[in-house]
Structure formats: structure tokens, C-alpha cells
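Q: Please see the structure below; I have some questions.
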Amino acid sequence: MIPVYTAAEARAADAHILEGLGLPGIALMEAASAGIAARILRDHVAAAAQGTVVLCGPGNNGGDGFGVARRLRAAGLPVSTWSPCGIGPGDAATMASVAARAGVPSHGSEHALDAAGLVVDALFGTGLSRPIAGAAAQALEAVVASGLPVVAVDLPSGLCSDTGRLWGPCPSAVATVTLGGLKRGLFTGHGPAKAGVVHTVDLGFVGPTGAALVEAGDVARTWPWRHPDAHKGTSGHLLVVAGSEAQAGAAILTVQGALAAGVGRITLAAPRGAGPRLGALPPEAMWWPSNDGPTWDGTLPDLSGFQAVVVGPGLGGGHPLSPPARARLDALLRQHEGPIVVDADALAAWGGQAAAGPRVLTPHPGEAARGLGVDTAAIQADRFSAVQALAPDDVAVLKGAHTLIAAPG
């Protein structure tokens, strides 16, 4: 899987290269700027040919920006730099000096944008941890107001590397060229809307990360394999406890998802009140009428014949479960030794209690908020921390834009 870094993890990986291996920082900047410039020349050359302004910050991101400007000029493109916060010391100052000697002009105000076709945002990267103010904020506001396409270096300036929150005005990039590895903030909060298409420049980062991006190939390697003589009876029997008169569709969607995942046999336990709408069930599914009412009353079939259970979708029909149903659900979640996916109405009965078998919790942000005793805004403000808080003993799947999956530890 592809590592996804926090700011601290990225700094540690960077330090390992610079201090542990002894590679000069200027060499890392050269590698970064070469990768960024190559991406611009490949994907954004038409806009860059109209004139590119590289917005350079006082830190390492600014140093990368000066390197990008020098390389674009070497490619014959009109380019200039703008440093609204001044030029920092060390490697960034060296890169600025080299760019100037290579003939890259610099500007002192937002008028640099007047004749431009592209902005390269190299103002702030993963090190930003406080609100943006003063000249930096004014510069970013000018970039936003210009409407010019933006290519961000490492992160769109103003975006928190870990949570995707905004620290101030933040241009929406058409592309982000992130350095060394993917950052959490690109996948949560405002990140997906601000980052545009994300590319990575490989800088040789190594070291542990607490998160990774799952690709189709990662899933395929762990997916159950069917033997040539397999049949539905050897591919698992799933019990779905879901649906009500008002929300039968939730049960149907759950059954469809299970079939798509490869389940061999499915039995849906749903009340007779849901019956008129269950005609949309896939023909493979079996219906076990749990009771005669509009919502589930807690009645279950013999569980010994099922390899797994899904419980919760549409179960209450938009209302709290009855006390008998709630008590039966609580006993099921605590005592059943097989695996259970706990969703929707069943999450309200889940208190993180010790369970006899594996549990997978699948809340959306509102359900996660209720489970953790906070509001939905708090969940969305730091989804990575939220999904870890949901998973002290069970697997948690926090649904939403870029669904997060956490396991204990």
C-alpha cells in the first residue's frame, strides 16, 4: 500500500535522508524542483507559456519554488518569482541566488500576476501549523482573486497537512505535486477540493507511517479465491438483519453489496411490513420474515448456519428500536461468536463493549459523532483521529469522501 504521511512522519523521513544518510538539503531541493518542473512541462505547458509566477515562501518550499522557476526558464518559458514574506536563510537563500543568476526576474507585489497564465504555489508546505496573516495572506488572496490555474508544491498553501483544515486563504489547485510521499491532509477535510490532481515526487522517503492508501491491487491480493469446484454452499451464508416498512431499500442495497462481494448464500431477516418493497431484492436472496410488524421486533433465526451477520441498515425505519428489539440486538452484538458488521440503527446499541467475536463498525460522520459524544463538525475536522477513536477494539470504517478504515492499534 502507498504510505500516507503526517507532517511529523514526513519531517522524520526528511531528517533520515538529510541527517541519517548525510545527503545535503540542496540536493533534495534539486530533486524536488526537477520533479515539479517536469510535471508542469508535461501537463500545464500551455498555461505556463503565457507566463508563470512562482510564489515562494521563506522556507524549504520556497527553495523548491526557486528551483522550479530556474528550470522553467531553462526550458524557454517566461517565468518570474514573487516572495511576499522575504527569502529565508540556508538552502532556500542559495536556490534564490542561483535562480537570480540564471536570469529569473523577481517581483515585489501582486502585480506579478497581471500578465501570468499560471501560478506555482510554493509558499507553505507541511510545516504550516498556525493561521496565515499579513503579507502571506494578502498574497494568497490575490492568487485566489486572479482566477489563474495553480500548481501547488507539496500542499496548497493554507491547507493543514494532517487534517485538511484551512489556516487561511487557500488557492484551489488544478494539481498538487507533493514531495516525498502523500500527506493526510490531501485526503480529508478541504484537501480533496483544494488539491486537484495529486502527483508525487519520489525523494526516497522511508520509515513507518500510520496510514496508507489502499489500491485495487492491494484488495485483490487478500480477496478470497474460489476453487474450481466451488458452489454457493462453499462461499459462505450471510444473515442480513435489516429493513423496515419505511426503509426496505437499505436492506436491498445491503444484499446487493454482499452479492457483489462474492457471498454465496444470503438470507434477509426483515419484518413482513417491508414485504411490498422487497420485490426489488436480487433473486438469489432468501427472505426470512422476522415478524408481522412494520419494524424488527428482535426475532432472529438460528444463527448456527451463518458464517457472518450484517445488522442495522433501515432496521428502525427512522425511529428508535423497541425495548425488546434493543435488548435482543445488545445480546447479539455481545454474545455472538461469529463476525458481525454493525451499521446504522445497530450502532446506537453498540457501546464498545467486549464482544465474543470480531466486529466491524461502519458509521457515517453523524453516527460516528453520536458514538464518540461529539458533533459531526468535530468528526469532519479530524477524520483520521476520529476513526482511530472508534477502533480501540474493533475495525471501524468511517464512511464519506475518502472512506477511512482503522484497526486496533
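Residue 609 in our numbering sits at position 395 of the sequence shown, and the numbers go up by one each step. Cβ atoms here follow ideal geometry from the backbone N, Cα and C, with glycine treated the same way.
From what residue to what residue does the alpha helix (DSSP H) around A425 run?
A: Within the sequence shown, the letter at position 211 stands for residue 425. Segment 425 to 427 is the beta strand (DSSP E) holding A425; no alpha helix (DSSP H) there.
Q: So, helix, strand or coil for V259, using DSSP?
A: Taking the first residue of the sequence shown as 1, we reach residue 259 at position 45. Three-state result, V259: helix.
Q: Is it true that the region 475 to 484 meets the region 502 to 521, where meeting means three or more beta-carbon pairs spaced less than 8 Å apart?
A: Short answer: they touch.
Q: Let me check one thing: in DSSP terms, what residues is A610 bridge-paired to?
A: Along the sequence shown, read from residue 1 onward, the residue named residue 610 stands at position 396. DSSP output for A610 lists L575, A620 as bridge partner(s).
Q: Assuming L337 contacts A351 under a Cβ cut-off of 8 Å, what Cβ separation, rounded to an integer in Å, is found between them?
A: Translated into the one-based positions of the sequence shown, residue 337 becomes position 123. Translated into the one-based positions of the sequence shown, residue 351 becomes position 137. Incorrect: roughly 10 Å between the Cβ atoms, too far for contact.
Q: Under 7 Å between the Cβ atoms of D368 and N275?
A: If you number the sequence shown from 1, residue 368 lands on position 154. If you number the sequence shown from 1, residue 275 lands on position 61. Yes; because the gap between Cβ atoms is below 7 Å, this pair is in contact.
Q: Ignoring anything shorter than 4 residues, give me the alpha helix (DSSP H) runs that lie fully in the region 272 to 311, in order along the chain.
A: Listed in chain order, the complete alpha helix (DSSP H) runs (minimum 4 residues) inside the region 272 to 311 are 274 to 288.
Q: Work out the CA separation of H441 and D432 for me, nearest whole Å.
A: Taking the first residue of the sequence shown as position 1, residue 432 is located at position 218. Taking the first residue of the sequence shown as position 1, residue 441 is located at position 227. Cα-Cα distance, rounded: 21 Å.
Q: Apart from the five residues just before and just after G530, which ones in its own chain have a Cβ nearer than 7 Å to its Cβ?
A: For this step, residue 530 is matched to residue 316 along the sequence shown. So the list reads S458, T509, D559, once near-sequence residues are dropped.
Q: Would you kindly check if the distance between the Cβ of P579 and the Cβ of G614 is under 7 Å?
A: For the purposes of this step, residue 614 is taken as residue 400 along the sequence shown, with counting starting at 1. For the purposes of this step, residue 579 is taken as residue 365 along the sequence shown, with counting starting at 1. Yes, they are a contact pair.
Q: Straight-line CA distance for V574 to R584?
A: Within the sequence shown, numbered from 1, the residue matching residue 574 stands at position 360. Within the sequence shown, numbered from 1, the residue matching residue 584 stands at position 370. Taking the straight line joining both Cα atoms gives about 17 Å.
Q: Going by other Cβ atoms of all chains shown within 10 Å of its Cβ, with 16 needed for buried, is K446 buried or exposed?
A: Within the sequence shown, the letter at position 232 stands for residue 446. Exposed, because fewer than 16 other Cβ atoms sit within 10 Å of the Cβ of K446.
Q: Does the distance from the C-beta atom of G487 to that of G463 stay below 7 Å?
A: Walking along the sequence shown from the start, residue 487 turns up at place 273. Walking along the sequence shown from the start, residue 463 turns up at place 249. Contact: no.
Q: Buried or exposed: R542, going by 16 or more other Cβ atoms within 10 Å of its Cβ?
A: Numbered from its first residue, the sequence shown carries residue 542 at position 328. Classification for R542: buried.
Q: Do the region 302 to 321 and the region 281 to 291 meet, that is, are 3 or more Cβ pairs less than 8 Å apart?
A: Contact holds: three or more Cβ-Cβ distances are below 8 Å.
Q: Out of curiosity, what's the CA-to-CA distance linking G302 and A407?
A: Counted from its first residue, the sequence shown places residue 302 at position 88. Counted from its first residue, the sequence shown places residue 407 at position 193. Taking the straight line from one Cα to the other gives about 30 Å.
Q: For S247, which three-state DSSP category applies?
A: Locating residue 247 in the sequence shown gives position 33, counting from the first residue. S247: helix per DSSP, three-state reduction.
Q: Is there contact between the region 418 to 437 and the region 263 to 277, where contact requires at least three CB pairs shorter than 8 Å?
A: Counting Cβ pairs under 8 Å, fewer than three are found: no touch.
Q: Assuming contact is defined by CB atoms lying nearer than 7 Å, are T423 and G403 in contact in what I supplied?
A: By one-based count along the sequence shown, residue 423 stands at place 209. By one-based count along the sequence shown, residue 403 stands at place 189. No, these two residues do not count as a Cβ contact at 7 Å.
Q: Here's the rule I'm using: 16 or more other beta-carbon atoms within 10 Å means buried, otherwise exposed. How should D589 be labelled?
A: Here residue 589 corresponds to residue number 375 of the sequence shown, with the count starting at 1. With fewer than 16 other Cβ atoms within 10 Å, it is exposed.
Q: Can you give me the start and stop residues for the beta strand (DSSP E) that V365 sits inside?
A: Numbered from its first residue, the sequence shown carries residue 365 at position 151. Start and end: 364 to 367.
Q: Who does R479 pair with in a DSSP beta bridge?
A: In the sequence shown, residue 479 corresponds to position 265, counting from 1. Answer is H451.
Q: Just curious, the alpha helix (DSSP H) that A389 is in, first and last residue?
A: In the sequence shown, the residue the question calls residue 389 occupies position 175. That residue, A389, is in no alpha helix (DSSP H); its beta strand (DSSP E) goes 389 to 393.
Q: Give me, in chain order, the residues of the same chain whose beta-carbon lies closer than 6 Å to that of R479; leave out the 5 immediate sequence neighbours on both sides.
A: Position 265 of the sequence shown, counting from 1, holds the residue named residue 479. Answer for R479: K446, H451, listed in chain order.
Q: I need the straight-line Cα distance from D443 to G623, nearest angstrom please.
A: Counting from 1 along the sequence shown, the entry for residue 443 is found at position 229. Counting from 1 along the sequence shown, the entry for residue 623 is found at position 409. Using only the alpha carbons, I get a separation of about 38 Å.
Q: Cα-Cα, which of L291, G418, R491, A310 is closest to L232?
A: Position 18 of the sequence shown holds residue 232. Comparing Cα-Cα distances from L232 to each of L291, G418, R491, A310, the minimum goes to G418.
Q: What is the residue span of the beta strand (DSSP E) that L269 lies within?
A: Locating residue 269 in the sequence shown gives position 55, where the first residue counts as 1. Where L269 is concerned, the enclosing beta strand (DSSP E) stretches over 266 to 270.
Q: Could you give the DSSP three-state label for V588: helix, strand or coil?
A: Counted from its first residue, the sequence shown places residue 588 at position 374. DSSP places V588 in coil when its eight states are reduced to three.
Q: Touch check for the region 357 to 372 and the region 381 to 401: three-plus C-beta pairs under 8 Å?
A: Yes: at least three Cβ pairs fall under 8 Å.
Q: From this set, S536, V454, D608, which residue's C-alpha is nearest A568's C-alpha?
A: Within the sequence shown, residue 568 is the residue found at index 354, counting from 1. Among S536, V454, D608, the Cα nearest to that of A568 belongs to D608.
Q: From T414 to P345, what does the alpha carbon distance come to, in whole angstroms?
A: Translated into the one-based positions of the sequence shown, residue 414 becomes position 200. Translated into the one-based positions of the sequence shown, residue 345 becomes position 131. Distance between the alpha carbons of T414 and P345 is about 26 Å.
Q: Buried or exposed: where does M169 fall if 16 or more other Cβ atoms within 10 Å of its Cβ makes it buried?
A: Absent from the structure is residue 169, since the part of the chain shown begins at 215 and ends at 623.
Q: Just confirm the distance between the C-beta atoms of A610 and V601, as a whole number of angstroms; I'd bet it's less than 8 Å.
A: Taking the first residue of the sequence shown as position 1, residue 610 is located at position 396. Taking the first residue of the sequence shown as position 1, residue 601 is located at position 387. About 5 Å separates the two Cβ atoms, so the contact holds.
Q: Going by DSSP, which residues form a beta bridge with P396?
A: The count along the sequence shown starts at 1 and reaches residue 396 at position 182. Position check: residue 396 holds Leu in this sequence, whereas Pro was assumed. DSSP output for L396 lists V218 as bridge partner(s).
Q: Under 7 Å, do V364 and A387 count as touching if we go by C-beta distance?
A: Mapped onto the sequence shown, residue 364 falls at position 150. Mapped onto the sequence shown, residue 387 falls at position 173. Yes. Within cutoff.
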